[in-house]
Amino acid sequence: MDIPFPALTPEQRLHFDIYGYVIIHDVFSPTECTDLIDVLQDLKTDMLAGDVSDDKVRARGAEADAGNPNHIFMCAIEQAHPLISSYVSHPRLLGMASEVVGGEIRLVESNAHINSRLPNWKTYDPKKYGFHTGLDTPYGSHYRNGFFHSSFVKTLTTLTDLGPDDGGTLVIAGSHKIDLRNQEMVECAYKDPSLIHQMIAPAGSTLLFSEALVHAGGHIRSEKERVIIISGYGPSHLPNWSGGVYTDEFTESIPDNLKILFHGRKNWGRLAKERTALMQETDDRPFELGDWQKRKSLPKK
Ligand SMILES: O=C(O)CCC(=O)C(=O)O
């Protein structure tokens with residue numbers, strides 16, 4: 005598929021390497037955000053009505069299972085609606101993810117959170133964030149040409165505006181490079197909150213981060229509902245964490261140029277493609293959410 009390379013500006017790339025994350029504004033237009041919100045709200049309604057089949061939301065999160073209506077987590081949603089398939093195959097997201105993975109990528113995860121202030125937020129220990137990682141720093145990272153690469157990265161897009169009280173994702177900045185127990189870093193961050201950075205950004209912004217970075221959802225203290233959509237990517241030979249089980253109908257509808265994205269590659273080759281210089285010119289072509297079945301292919305050589 006035709007994806008931008010390098011997709012990050014030099015400043016964005018440096019930010020990612022130093023802190024383990026970078027926030028890119030205006031990846032999605034206001035209309036695209038509203039359209040995605042409508043799709044996710046419908047999915048939430050179906051899920052709460054117990055009316056959602058496994059091919060729409062294959063796994064449900066702990067929050068939803070615990071019956072907490074203030075936090076709905078939906079997982080493995082890439083085949084639930086064509087707009088979600090468009091999100092996970094968005095050329096700019098793939099370009100950013102592939103750049104920091106350092107080569108050909110596939111989808112390993114997709115999910116969405118719709119959450120609002122917890123009923124017990126006043127008594128909730130403000131330090132009790134669910135900090136975690138999805139990758140072990142020394143195992144899942146490598147350096148090439150001086151750049152940090154990660155074999156599990158996420159593009160998390162907020163579809164609603166996030167102010168400081170709106171529960172934006174928290175990260176322990178720079179922890180993606182630190183080979184220590186998470187618990188120790190979390191303890192230090194609680195003592196020195198300047199180590200914690202938060203996603204505060206307008207709707208349509210994307211947080212690109214390495215899963216080796218210690219991170220957590222923030223706490224919502226405002227009246228606003230937060231809606232986010234996330235895709236996780238890894239090298240094309242890694243599996244899809246949720247099993248990657250697709251209906252025959254969905255499998256047949258995957259265009260040839262997206263087969264690797266959804267099914268991966270069944271050999272060890274990772275088709276490395278790594279940035280060679282910080283000041284390399286950015287491929288900043290605009291891309292729309294668009295129709296996932298009409299993605300452009302690279303011209304044949
Ligand atoms: O809710 C959030 O902002 C955090 C999401 C998260 O932890 C993840 O996708 O791994």
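Using this note's numbering, read the sequence shown as starting at 5 and increasing by one per residue.
Yeah, the Cβ is synthetic: ideal placement off N, Cα and C, and Gly gets one too.
These numbers were taken from a predicted model, which means no experiment stands behind them.
For this session: State yes or no: is the C-beta of F32 within less than 8 Å of the C-beta of G208?
Result: yes
For this session: Between the Cα of G268 and those of W296, L18, N244, E188, spot the shortest distance and give me the residue it belongs to.
Result: Between G268 and the set W296, L18, N244, E188, the nearest pair of CA atoms involves N244.
Problem set entry | Close Cβ partners of R225 (< 6 Å) along its chain, the five nearest in sequence each way excluded | D169
For this session: Could you check which residue in L184, N261, R289, T159 has the C-alpha nearest to that of L98?
Result: Among L184, N261, R289, T159, the Cα nearest to that of L98 is on T159.
Exercise. On the three-state DSSP scale, how would you describe K181?
Worked result: helix
Exercise. Can we count T161 as close to ligand 1, meaning its CB is less than 7 Å from some heavy atom?
Worked result: no
Exercise. Between the segment 18-32 and the segment 172-179, are three or more C-beta pairs nearer than 8 Å?
Worked result: yes
Exercise. Among Q83, E103, Q284, R279, which residue has its Cα nearest to the Cα of S57?
Worked result: Q83
Exercise. In whole angstroms, what separates the C-alpha of R110 from that of K263?
Worked result: For R110 and K263, the distance between alpha carbons rounds to 9 Å.
Exercise. Taking the C-alpha atoms as reference points, what is the distance between H94 and L293?
Worked result: 6 Å
Problem set entry | Of the listed residues E15, D21, G138, D288, nearest to H146 (C-alpha basis) | Here the closest residue by C-alpha is D21.
Exercise. In whole angstroms, what separates the C-alpha of E67 from that of E278?
Worked result: Because the pLDDT at E67 is just 46, under 50, the model does not fix this residue reliably, and the value given afterwards should be weighed accordingly. Cα-Cα distance, rounded: 38 Å.
For this session: Kindly examine ligand 1 and report whether one of its heavy atoms sits closer than 7 Å to the Cβ of H180.
Result: Incorrect: H180 has no Cβ contact closer than 7 Å to ligand 1.
Problem set entry | Selection from R289, S301, Q297, L302 that minimises the alpha carbon distance to P10 | Considering only alpha carbons, the answer is R289.
Exercise. Is there contact between the segment 228-242 and the segment 38-47, where contact requires at least three CB pairs shorter than 8 Å?
Worked result: yes
Problem set entry | Cα-Cα separation between R121 and G167, rounded to whole angstroms | 14 Å
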